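Beneath this line is the structure, given in C-alpha cells, with notes to follow.
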Amino acid sequence: MHGFWRAGYHYISYILPVWYLPYIVILFLAIYGFLANFNDKRLGVYIKGFAAVGVISLILGVGAGISTHFLKEFFEWLFESVVFLRGFRDTHKFVALLALAYAYLGGLGVSTFYGKIKNKSKAHPASLVLIGMALLSPFVYSLNMFGGFNGELSVVDYPAGWYEVNAYLNEQSGDFRVLFLPWHAYMTFSWSGGRLSNPAHAFFDREVIQGENIEVPGIETQSRKPIQQYIHFLLRNRDKISNFGELVAPLNVKYILLAKEVDYRKYDFLYRQEDLELVLDNQDITVFLNKYETSKFYLVNEVRWISGWEELLRRSKYENLMEAAYFIGKPENLLHMEKLTGKKFVTPEYIEKSPAEYMVKIPMQGILVFASPYKKYWKADGLSPQPNMGLTNTYANLKVTDITVYNEKFAILSLFYLISIKTLACIFIFFIIERMRKPGGRNSIVGKNNKIKDMRMRNIREK
0 MHGFWRAGYH
10 YISYILPVWY
20 LPYIVILFLA
30 IYGFLANFND
40 KRLGVYIKGF
50 AAVGVISLIL
60 GVGAGISTHF
70 LKEFFEWLFE
80 SVVFLRGFRD
90 THKFVALLAL
100 AYAYLGGLGV
110 STFYGKIKNK
120 SKAHPASLVL
130 IGMALLSPFV
140 YSLNMFGGFN
150 GELSVVDYPA
160 GWYEVNAYLN
170 EQSGDFRVLF
180 LPWHAYMTFS
190 WSGGRLSNPA
200 HAFFDREVIQ
210 GENIEVPGIE
220 TQSRKPIQQY
230 IHFLLRNRDK
240 ISNFGELVAP
250 LNVKYILLAK
260 EVDYRKYDFL
270 YRQEDLELVL
280 DNQDITVFLN
290 KYETSKFYLV
300 NEVRWISGWE
310 ELLRRSKYEN
320 LMEAAYFIGK
330 PENLLHMEKL
340 TGKKFVTPEY
350 IEKSPAEYMV
360 KIPMQGILVF
370 ASPYKKYWKA
380 DGLSPQPNMG
390 LTNTYANLKV
400 TDITVYNEKF
410 AILSLFYLIS
420 IKTLACIFIF
430 FIIERMRKPG
440 GRNSIVGKNN
450 KIKDMRMRNI
460 REK
C-alpha cells in the first residue's frame with residue numbers, strides 16, 4: 000500500500016526489518032471485523048460492501064504488474080477498453096479503496112474485540128494493548144513519511160529573482176497573460192533539489208501559459224489543448240521565426256518569461272525577435288515585452304481564411320495577425336462574416352463581473368475576438384463563438400452596443416451547486432428531526448420532564 004514511486008524511494012522494508020508485522024495486525028483486525036459482524040442487521044450491508052470494495056480494489060490494484068502472462072494481458076485489455084479506468088493512468092490508485100476497506104473493517108474489529116473483553120478484569124490490559132497496537136500500526140507502517148520521507152522531501156523557497164519578476168508584472172497595467180519558458184511540464188530547477196511539476200502558474204499572480212508536455216519516451220505530450228499544441232508548433236519552427244511576439248499576441252501574451260534553467264539556452268531565438276524587447280534580466284529569469292498591443296477583447300473588421308498554422312506562419316511575415324480574425328478552412332456558416340469598414344484593430348472597454356461573465360462595450364460594428372481558450376460554452380448575448388486561429392473565441396458582425404460575454408456551462412454548474420446545497424440542507428434538517436423523534440431526543444426529554452412534573456403535582460395534591 001505504498002503507492003507508485005520511481006526508483007530511489009526508500010520503502011519501509013528498507014528501514015524496518017519486521018515491516019510485515021504491523022500489516023499482519025491490520026489484516027487480522029479487518030478480517031475479524033468482517034467475520035464478527037457479517038450478519039449484523041444494521042451494519043451487515045455496509046460490511047459486505049466494504050469487503051467487496053477491498054477485494055475488487057486489490058485485484059485491480061495489482062493490474063498489469065502481475066507476473067502471470069494471461070492476467071497481464073487481461074488487465075491491459077480492461078484498462079484500454081473501459082473508459083473511466085484509463086483516467087487512473089496507473090492501476091495502483093485503487094489501493095486507496097483497499098486502504099479504506101482496511102480502515103472501516105479494522106475499526107469494527109477493534110470495537111468488537113474490545114466490547115467482548117472490556118468487562119473481564121484479567122483481559123482488560125490486553126484489550127488496551129490491542130487498541131494501542133491498532134492505533135500505532137498505520138504510523139509504524141508509514142514510518143518513513145515522518146521527517147520528509149526519510150529526508151527525501153524538504154521545504155524550499157523560490158529564488159529572489161522570481162519575486163522580483165512577479166512584483167514587476169503586478170506593476171504593469173492591463174489584463175494580460177505571460178508565457179513561461181522553458182516549455183516543460185516537469186523540470187529540475189537549480190533551487191528545487193530535484194524534479195518537480197512546473198510551479199510557474201502557482202507562483203505568479205498573472206495568468207500563465209506554460210508547458211504541459213510530459214516528455215516521456217514515445218509521448219511528447221498528452222495535452223489536447225489547442226493553445227498547447229500551437230506553442231509547441233511555434234517552438235518546433237523557432238528557427239524560421241523573427242516575429243514571435245506577433246504570433247502569441249492573439250493569445251493576449253504581453254510578457255515572455257525565460258527561466259535560466261535546464262535547456263534555456265535553446266531559447267536564444269527570443270533575443271533575435273524583432274517584436275520583443277528585453278525589459279528585465281536577473282540571475283533567475285529574463286523578461287521580454289511583446290511590442291504588439293494585446294487585449295483580452297479586441298475588435299477587427301476582416302476575416303481571413305487559412306489552411307492551417309503553417310500558412311499562418313508564412314502570412315504573418317506580411318500580414319498583421321491582430322488586424323483580422325483567422326479561420327482554418329472555410330465553413331459555410333461563416334460565409335456571412337465579410338470585411339467591414341472601420342478601424343482594423345480596436346480594444347473595447349470591458350468590465351469583468353466574474354471570471355465567467357464580462358460586460359463589453361462595442362464601439363463599432365465589427366468582429367469581436369475574445370482571447371480566452373476556445374470553448375463553445377462562451378456566448379456573446381446568446382451568439383456561439385467560432386475559433387480564431389483554432390485557438391480563441393470569435394463573434395461575427397456585432398453592432399454598436401453593450402454585450403454580455405458569459406460562460407453558459409458555468410450557469411449550468413451553478414444550478415447543480417444550488418441543488419447540492421439544498422439537498423445537504425434537507426439532509427441536515429431530516430437528521431435533526433429524526434434525532435428529536437428518537438428516545439433520548441429533545442421531545443422525549445421534554446416529555447419525561449412533563450411526566451415528572453405531573454407526578455409531583457399529584458403527590459402534592461394527595462398530601
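Under numbering that gives the first Met the number 0, read the sequence shown as residues 0 to 462, first letter to last.
A virtual CB, placed ideally from N, CA and C, is assigned to each residue, including glycine.
Keep in mind that this is a model prediction, so the values were computed, not measured.
- His-9 counts as exposed, since fewer than 16 other C-beta atoms from the protein chains shown sit within 10 angstroms of its C-beta.
- When Cβ pairs closer than 8 Å are counted between the two stretches, the segment 158 to 172 is seen not to touch the segment 46 to 65, the count staying below three.
- The alpha carbon of Ala-184 has as its nearest neighbour, out of Leu-178, Val-404 and Leu-195, the alpha carbon of Leu-195.
- In this structure, the beta-carbon distance from Lys-343 to Val-299 falls below 8 Å.
- Counting only runs of 4 or more residues that sit fully inside the segment 15 to 69, the alpha helix (DSSP H) segments are 19 to 36 and 43 to 61, in chain order.
- Setting aside the 5 residues that flank it on each side, Phe-37 is surrounded in the same chain by Gly-43 and Ile-46, each with a C-beta closer than 7 Å to its C-beta; the list follows chain order.
- In summary, Gly-108 is buried, with 16 or more beta-carbon neighbours lying within 10 Å of its beta-carbon over all protein chains present.
- When only Cα atoms are considered, Tyr-349 and Tyr-317 end up about 31 Å apart.
- Residues Thr-90, His-91, Phe-93, Val-94 and Leu-97 of the same chain have their beta carbon placed closer than 7 Å to that of Gly-60, with the five preceding and five following residues left out of the count.
- When the five nearest sequence neighbours on each side are left out, the beta carbons in the same chain lying within less than 8 Å of the beta carbon of Ile-226 are those of Ile-208, Leu-250, Pro-372 and Leu-390, in order along the chain.
- Gln-364 is bridged by DSSP to nothing; it lacks a bridge partner.
- Look at Asn-236 here: in three-state DSSP terms it is coil, with no helix or strand label.
- Taking 8 Å as the cut-off, the Cβ atoms of Val-286 and Leu-256 count as close.
- Of all alpha-carbon atoms in Tyr-103, Ile-25 and Leu-152, the one lying nearest the alpha-carbon of Met-132 is that of Ile-25.
- Cβ-Cβ separation between Asn-289 and Asp-267: approximately 18 Å, too far for a contact (criterion under 8 Å).
- Only exposed fits Gln-171, as fewer than 16 other CB atoms lie within 10 angstroms of its CB.
- In this structure, Ala-370 sits near Lys-295, with a CB-CB distance shorter than 8 Å.
- For the pair His-231 and Asp-204, the Cα-to-Cα distance works out to about 24 Å.
- Contact between Val-399 and Gln-364 is confirmed by a C-beta separation of about 6 Å, below the 8 Å threshold.
- Taking a C-beta distance under 8 Å as the contact criterion, Arg-176 and Val-252 qualify as a contact pair.
- Looking at the DSSP output, Tyr-405 bridges to Glu-356 and Lys-378.
- The beta carbon of Ile-402 sits closer than 7 Å to the beta carbons of Val-359, Ile-361, Ala-379 and Asp-380 from its chain, once the five residues preceding and following it are set aside; these are given in chain order.
- C-alpha of Gly-307 to C-alpha of Val-261: approximately 32 Å in a straight line.
- It is roughly 24 Å from the alpha-carbon of Tyr-270 to the alpha-carbon of Asn-169.
- Remark: C-beta atoms of Leu-312 and Tyr-325 do not approach each other more closely than 8 Å.
- Under the three-state reduction of DSSP, Ala-258 is assigned to strand.
- For Arg-235, the closest C-alpha among the options Met-186, Ser-189, Ala-248 and Pro-181 is that of Pro-181.
- Here Asn-197 has Phe-179, His-183, Ala-184, Tyr-185, Met-186, Gln-209 and Gly-210 as same chain residues with Cβ atoms under 8 Å from its own Cβ, once five neighbours each way along the sequence are excluded.
- Between Ile-23 and Leu-142, the C-beta gap is not smaller than 8 Å, which leaves the two residues out of contact.
- In the three-state scheme derived from DSSP, where H, G and I count as helix and E and B as strand, Ile-350 is classed as strand.
- The DSSP assignment places 252 to 258, 275 to 280 and 284 to 289 as complete runs of the beta strand (DSSP E) inside the segment 243 to 292, in order along the chain (cut-off: 3 residues).
- Here Glu-245 is buried, its C-beta having at least 16 other C-beta atoms within 10 Å.
- Within the same chain, and ignoring the five residues on either side of Ala-323 in sequence, the residues whose Cβ sits closer than 6 Å to its Cβ are Val-299, Glu-301 and Arg-303.
- Annotation for Phe-179: the continuous beta strand (DSSP E) segment containing it runs 176 to 180.
- Looking from the CA of Lys-115, the closest CA among Gly-32, Ser-189, Glu-79 and Ala-159 belongs to Gly-32.
- Contact between Val-368 and Tyr-416 does not hold, since the beta-carbon distance rounds to 31 Å and is not under 8 Å.
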